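132 is the number of the first residue of the sequence shown in the numbering used here; add one for each residue after it.
For reference, the structure discussed in these notes is given below.
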Amino acid sequence: SGRLTKRSKPVTHPALLAGLWVFLQLMEVLNNYSTEEIEMYRELASSFFGQSV
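Structure follows, in structure tokens:
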């Protein structure tokens, strides 16, 4: 999920679930869109936010 913790701290269930949720969302995108469509959406987002995404 991108959460940073100290190595000495135990992994929490909410952190694991957050990471799993991000992974499942990414898999859904990759299973439903071609690389060309993903690139098109990336370019659209870049133009909308005015920066490289």
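For every residue, glycine included, the Cβ atom is placed at its ideal position computed from N, Cα and C.
For clarity, every value in this text was computed on a predicted model and none was experimentally measured.
Identify whether residue i lies in helix, strand or coil by the three-state DSSP scheme.
| i | result |
| --- | --- |
| residue 141 | coil |
| residue 136 | coil |
| residue 164 | coil |
| residue 181 | coil |
Please report how far the alpha carbon of residue i lies from the alpha carbon of residue j, in whole angstroms.
| i | j | result |
| --- | --- | --- |
| residue 181 | residue 163 | 26 Å |
| residue 142 | residue 148 | 11 Å |
| residue 178 | residue 168 | 15 Å |
| residue 151 | residue 161 | 15 Å |
| residue 176 | residue 145 | 29 Å |
| residue 165 | residue 171 | 10 Å |
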